Structure formats: structure tokens, C-alpha cells
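In the working numbering, the protein residues as written are -18 to 272. These notes are about the structure you will find just below.
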């Protein structure tokens, strides 16, 4: 009986060891499976990110092909809002044309101004930042810090009015004039490089233009300005590169008179597509820039 008892004890001990082994082995198997699952999930995420990047590159290449073959116009307006912004929006709506409006924050003085700024976004146009105080170039171009303070102040005002965060910027006078402002009031081209880097790091796209319509001059003849626009726009359709045309306009009485004729003339020249500027899309100045 003693021998049987010893054998039974030995068998029980052996079974316990076996069960413990398989238990630990099973736990190890679950851990390995979880690790493998996590690795596969990460691979899927990486593949999706790569796919998104490839899709963006593909879209960019498709745009390049289209912009090189199909004339495309970008109507842009500075010094917004003005007393004529609502009339300009009416004309664009009548012609089913989208445009881009660059806001000067200090011009927003009344509830009517705020309403027209909101209307820009509500009607599907793009909205961007020119400056909060575009006349204060001596301060805003003295340093990158001062410039970004001005941009952020205008951006906050736009978001408060429209609920939209914009990442579009057009410098007062454009980048060429900004270069001279930085030389006059800051540390030369180094200040402009610092401004461009700050804008880039904050996700902003900076855009200039091809032709200034000259409609800021209320004494100008709309018919003479139209000829300037037509000549410049026509030359863009003839080159071997991009057949795109960015027109800068303002908000004077001349602008209201000129705009319908500009739209008609561009269509006659083959510009059947009118687009608004989008961040990171066509017609922005890529960073870094060798100034």
C-alpha cells in the first residue's frame, strides 16, 4: 500500500508539473499573439499613412497636369472688408465664381463689416489674412515675432466671426515689398527669412499674385485696366508652363465696375475654371525661399 501511495503521489506531482507547464505556455502564447497583433496593427497604420501620402502626391501631380493644360483663374481681393465687398460677392454669386479674400482686421469696425466677412465663408469663398493693421508696416516687419503677433491677432478675429481657422496669408505689398520693408525696419532679408520660417512652422501658406488690376485707384478707367488684365492673362495661356492666372483686385467703385468685365474677358480667353486658393495648394510660396 505504501508503494501505491508513493506512486499516486508521484503521478499527482507529475500531473501538476504538466498542468503548470501548459498553463505558462498558454499564457506565453497569448502574450505572443497580442504582440503580433499589435505589430500588425502598427503595420496597417503605417501602410495607411503611406497610402495617404501617395494619394496626396497623386492629387498634386493631377493638378500640375491640369494647370499646365487648362487655363485656370484665381480672383483675389485685398483690403477686405470694404464698402463694396457685398457688391463684389453679389457679382461673384451671379457668375457662379469662387474667389479668395484677404482680410485686414483693422477694417472690421461694424456689425455690417462682421456680417460681410462671415458671408464670404458662408458662400464658399476662401478667406485669408493680409494683416491686422496693414498700415503699420514699420512695426510688423521689424521682427518675426511682431509679424506673427499681427497675423495671429487677425486670425483670431476671423475665427471669432466665421468659426473658421484660416491658414492663408498674403503680406502687405506682397513678398517683394515685404523684403524692402524688412530691410527698412528690420534686419534685412534675414528678418524676412525668419518671418517665412515662422509662417511655415505655423502651417500658413503665403501667396502673391501675377497681375495687380490697379483698381485701388478710384480715378482709374475701368476700360483701361481691363486691357491690362486681358493682355497679362492672355500671355499666361500661351506659355509652356502653368496656364494659371492670379489676379489681385481691391474693393473700390472701380472694382465693382471692372469685375463683371474681367470675368467675361477671362472666360473668352479660355479660363473656364475659377478656383479659390487653398492652403498647400497651387500658388503659394514654398519654404525655404532664397531671398
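Just so it is clear, CB atoms sit at the ideal spot from N, CA and C, and this is done for glycine as well. Since the structure is predicted, the reported quantities are computational estimates derived from the model, not experimental observations.
Notebook entry, point to check: residue 3: buried (16+ other C-beta within 10 angstroms of its C-beta) or exposed?
Noted result: Position 22 of the chain shown holds residue 3. Residue placement at residue 3 is poorly supported in this model, since its pLDDT is 48, which falls under 50; the coordinates still yield a value, given next. When all chains shown are included, residue 3 counts as exposed.
Note to self: Please give me, in chain order, every unbroken run of the beta strand (DSSP E) with length at least 3 that falls completely inside the stretch 87 to 160.
What the structure shows: With a minimum length of 3 residues, the continuous beta strand (DSSP E) runs that stay inside the stretch 87 to 160 are 107 to 112.
Notebook entry, point to check: Roughly how many angstroms separate the alpha carbons of residue 75 and residue 220, rounded to a whole number?
Noted result: Position 94 of the chain shown, counted from the first residue, corresponds to residue 75. Position 239 of the chain shown, counted from the first residue, corresponds to residue 220. Residue 220 has its alpha-carbon roughly 31 Å from the corresponding atom of residue 75.
Checklist line | Presumed contact (8 Å Cβ cut-off) between residue 258 and residue 187, rounded CB distance | finding: Looking up residue 258 in the chain shown gives position 277. Looking up residue 187 in the chain shown gives position 206. Residue 258 to residue 187, Cβ: 11 Å. No contact.
Next item on the list: Specify, as a first and last residue, the run of the alpha helix (DSSP H) that residue 210 falls within.
Entry: By one-based count along the chain shown, residue 210 stands at place 229. Unbroken alpha helix (DSSP H) run through residue 210: 203 to 219.
Checklist line | Span separating the alpha-carbon of residue 241 from that of residue 168 | finding: Taking the first residue of the chain shown as 1, we reach residue 241 at position 260. Taking the first residue of the chain shown as 1, we reach residue 168 at position 187. Each residue's alpha carbon lies about 43 Å from the other.
Item checked: For residue 224 and residue 238, the rounded distance between their alpha carbons -> Walking along the chain shown from the start, residue 238 turns up at place 257. Walking along the chain shown from the start, residue 224 turns up at place 243. Roughly 26 Å separates the two Cα atoms.
Notebook entry, point to check: Across which residues does DSSP place residue 46 in a beta bridge pair?
Noted result: Position 65 of the chain shown, counting from 1, holds the residue named residue 46. BP columns for residue 46 are empty, so no partner.
Checklist line | Outcome for residue 5 when other beta-carbon atoms lying within 10 angstroms are tallied against a minimum of 16 | finding: Here residue 5 is taken as the residue at index 24 of the chain shown, counted from 1. Legend: pLDDT at residue 5 = 47, less than 50; position of this residue unreliable, no value from coordinates given.
Checklist line | Inter-stretch contact at 8 Å, needing at least 3 Cβ pairs: the stretch 146 to 162 / the stretch 207 to 218 | finding: no
Item checked: From 129, 235, 163, residue whose alpha carbon lies closest to that of residue 203 -> Counting from one through the chain shown, the residue named residue 203 turns up at place 222. Here the closest residue by C-alpha is 235.
Note to self: Can you list, in chain order, the residues of its chain with a C-beta nearer than 7 Å to that of residue 196? Leave out the 5 residues immediately preceding and following it.
What the structure shows: Indexing the chain shown from 1 puts residue 196 at position 215. Correct list, in chain order: 206, 230, 231, 233, 235, 236, 239.
Next item on the list: Give a yes or no on contact between the stretch 34 to 51 and the stretch 61 to 76, applying the rule of three or more CB pairs nearer than 8 Å.
Entry: no
Margin query: Suppose the cutoff is 6 Å on Cβ atoms and the five residues either side in sequence are ignored; what does the same chain contact list for residue 102 look like?
Written below: In the chain shown, counting from the first residue as 1, residue 102 sits at position 121. The residues are 108, 143, 145.
Item checked: Supposed contact pair residue 179 and residue 129 - C-beta distance, whole angstroms, cut 8 Å -> For the purposes of this step, residue 129 is taken as residue 148 along the chain shown, with counting starting at 1. For the purposes of this step, residue 179 is taken as residue 198 along the chain shown, with counting starting at 1. That pair is a contact at about 5 Å.
Check: Apart from the five residues on each side of it in sequence, which residues of its chain come closer than 8 Å, Cβ to Cβ, to residue 64?
Finding: Translated into positions along the chain shown, residue 64 becomes position 83. For residue 64, where only same-chain residues beyond five positions count, the Cβ hits under 8 Å are 232.
Item checked: Bridge partners - residue 230, DSSP secondary structure assignment -> Mapped onto the chain shown, residue 230 falls at position 249. 58.
Check: Assuming residue 184 and residue 148 make a contact with CB atoms under 8 Å, what is their CB distance in whole Å?
Finding: On the chain shown, residue 184 is found 203 positions in, with the first residue counted as 1. On the chain shown, residue 148 is found 167 positions in, with the first residue counted as 1. With 8 Å as the limit, residue 184 and residue 148 qualify as a contact, their Cβ atoms being about 5 Å apart.
Checklist line | CA-to-CA distance, residue 66 to residue 72, given in whole angstroms | finding: For the purposes of this step, residue 72 is identified with residue 91 of the chain shown, where counting begins at 1. For the purposes of this step, residue 66 is identified with residue 85 of the chain shown, where counting begins at 1. One C-alpha to the other measures close to 10 Å.
Note to self: Here's the rule I'm using: 16 or more other beta-carbon atoms within 10 Å means buried, otherwise exposed. How should residue 177 be labelled?
What the structure shows: For the purposes of this step, residue 177 is identified with residue 196 of the chain shown, where counting begins at 1. Result: buried.
Next item on the list: Would you kindly report the start and end of the unbroken alpha helix (DSSP H) that includes residue 69?
Entry: Taking the chain shown and counting its residues from 1, one reaches residue 69 at position 88. Where residue 69 is concerned, the enclosing alpha helix (DSSP H) stretches over 66 to 75.
Margin query: Please report the distance separating the alpha-carbon of residue 70 from that of residue 82.
Written below: The sequence position of residue 70 within the chain shown is 89, counting from 1. The sequence position of residue 82 within the chain shown is 101, counting from 1. Distance between the alpha carbons of residue 70 and residue 82 is about 10 Å.
Notebook entry, point to check: residue 187 by DSSP, collapsed to three states: which one?
Noted result: The residue you call residue 187 lines up with position 206 of the chain shown. Three-state result, residue 187: strand.
Next item on the list: May I have the straight-line CA-CA distance separating residue 255 from residue 68, to the nearest angstrom?
Entry: On the chain shown, position 274 is the one that residue 255 refers to. On the chain shown, position 87 is the one that residue 68 refers to. Distance between the alpha carbons of residue 255 and residue 68: 19 Å.
Note to self: Please identify the residue among 243, 13, 165, 111 whose C-alpha is closest to the C-alpha of residue 86.
What the structure shows: Mapped onto the chain shown, residue 86 falls at position 105. If we check each option's Cα against that of residue 86, 111 comes out closest.
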